[in-house]
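Student: Going down the list, the sequences are from chains A and B.
Each residue of the first sequence is one higher than the last, beginning at 42 in my numbering.
Each residue of the second sequence is one higher than the last, beginning at 8 in my numbering.
Every residue gets a Cβ at the ideal spot worked out from N, C-alpha and C, and that includes glycine.
Here the structure is a predicted model, which means the values were calculated and not measured.
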Amino acid sequence: MKKIFSNKYLLFLFRILLSFIFIYSGVEKITDPAGFSLSISNYKLLPDFLVNISAIILPWIEFISGILLLFGISVKENSFILTALLGIFIVAVSISLARGLNIDCGCFGTASGQKVGLQKIIENILLFFIGILLIIFNSDFLTLKEK
Amino acid sequence: MNLNIKRIVFLVCASSLTGLLINSLSPKGIPLIKEKPEITFANDSILFNNNQDSSEVSKKSENNNRISKTEPGNEVFEPGKNEIKKPLAVNISQAYKLYQNDVLFIDAREAEDFEAGHIKGAVNMPFYSDDYYSLLKDIKKDKPLVVYCGGTECDLSHLLANELSELGYKNVYVFFGGWVDWLENDYPVSKIK
């Protein structure tokens, strides 16, 4: 099992996948902060005064970690950050599902139309797992490193 | 699992600061603390007296006469002349009286919610789509309009009402209780089959 998951090409693929998803997600949210703020409020999890700050900061964490991950810079650390975010998202979506909230997940900005649901949770769990692999095994195939 | 914690903290902080900086510089930036929409209820005398418009009484009322009639999307910004009036709110009984007076109700929710059930006679203008501009061409700027959405938790009615005010509609009201209150009172509804 370990041999499969520690294959450098697979890890590279995982790294690219995770980075693209988060770069895209970050950009979509950066371009519509008001919309993302609305998505966060819909979850009714954060107190009002934290909603906007989260809407401002989160997309940039996604975007910058995504870009650095793409270029193989601090792979473990950036994977940790993105995996931690995924963990938060999984909890948030699960709570909303349990409460029966039929809201837009806000995953890729408001216009994406993706609803909170089991599918979203499963997708996030898979990505979470990919993130964990990258933290454990790293990925230094094709990276931007100073010689 | 040798993770450099310092680097993680640095990355999160650097990203956060970048976000805050860009937000403060960007025209699309949002305030750090979310502003709660102020709800001022219209009083009955304003609502049911055809000669007054819905805005809060403005000290610069002489400017009201100089607001130019513009089409949606073709605003000319004239400082001091275009007063953006904050739409006032109406409660369920006021909304019902307005309904009985044949005032136009606007549903700010998405099309699928509208189709599932809406206030009888209401027109759908989903806040998140741009299609409704064509509907607005037939509506005169001084026509009284009542905007509603899902209820007190829903922001769409405020957002749409504000936008209509900014487009120059002078008699926009937000029906705060929305669809939920209307249903509770068993008032007339219709749905698209």
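Taking C-beta pairs closer than 8 Å, name the residues in chain A that residue 35/B reaches, listed in chain order.
Tutor: The contacting residues are 72, 73, 74, 75.
Student: Do we get a CB-CB distance below 9 Å when we pair residue 69/A with the residues of chain B?
Tutor: Answer no: the Cβ-Cβ gap between residue 69/A and chain B never drops below 9 Å.
Student: Which one of 93/A, 135/A, 180/A has the shortest CA to CA distance from residue 37/B?
Tutor: Nearest option by C-alpha distance: 93/A.
Student: So which of 18/B, 26/B, 47/B, 95/B has the shortest CA-CA distance to residue 178/B?
Tutor: When each option's Cα is compared against that of residue 178/B, the closest is 95/B.
Student: Which same chain residues end up closer than 8 Å to residue 78/B when comparing Cβ atoms and leaving out the 5 residues on each side of it in sequence?
Tutor: At residue 78/B the pLDDT is 38, less than 50, meaning the model places this residue with poor confidence and gives no usable figure here.
Student: Give the straight-line distance between the Cα atoms of residue 183/B and residue 165/B, rounded to the nearest whole angstrom.
Tutor: So the alpha carbons of these two residues sit roughly 8 Å apart.
Student: For a contact meaning CB atoms closer than 8 Å, what does residue 100/A contact in chain C?
Tutor: The structure shown contains no chain C; its protein chains are A and B.
Student: Does the structure place the segment 109-123 of chain B close enough to the segment 150-160 of chain B that three or more beta carbon pairs sit under 8 Å?
Tutor: Counting Cβ pairs under 8 Å, three or more are found: they touch.
Student: Answer yes or no: does any C-beta atom of chain A fall closer than 9 Å to that of residue 43/B?
Tutor: So yes, residue 43/B belongs to the interface.
Student: Beta-carbon of residue 22/B versus every beta-carbon of chain A: anything under 9 Å?
Tutor: By this cut-off, residue 22/B is an interface position.
Student: Could you give the distance in angstroms between the alpha-carbon of residue 51/B and the alpha-carbon of residue 161/B?
Tutor: Cα to Cα, residue 51/B sits roughly 24 Å from residue 161/B.
Student: If we ignore side chains and look at the alpha-carbon of each, how far apart do residue 168/A and residue 172/B end up?
Tutor: Each residue's alpha carbon lies about 44 Å from the other.
Student: Rounded to a whole number of angstroms, what is the C-alpha to C-alpha distance between residue 25/B and residue 101/A?
Tutor: Near 7 Å, if we compare the C-alpha coordinates of residue 101/A and residue 25/B.
Student: Whose C-beta lies closer than 8 Å to the C-beta of residue 159/A among residues of the same chain, with five residues either side of it excluded?
Tutor: Counting only Cβ-Cβ distances below 8 Å, and skipping sequence neighbours, we find 138.
Student: Considering only the beta carbon of each residue, do residue 166/A and residue 122/A sit closer than 9 Å?
Tutor: No, the pair does not count as a contact, with Cβ atoms beyond the cut-off.
Student: Anything in chain B within Cβ reach of residue 79/A, meaning under 8 Å, just list it in chain order.
Tutor: Under the 8 Å cutoff, chain B gives 162.
Student: Check each candidate in 130/B, 30/B, 17/B, 146/B and name the one with the smallest Cα separation from residue 197/B.
Tutor: With distances taken between Cα atoms, residue 197/B lies closest to 130/B.
Student: What in chain B is Cβ-close to residue 96/A, meaning under 8 Å?
Tutor: Going along chain B in sequence order, the residues near residue 96/A (Cβ under 8 Å) are 37.
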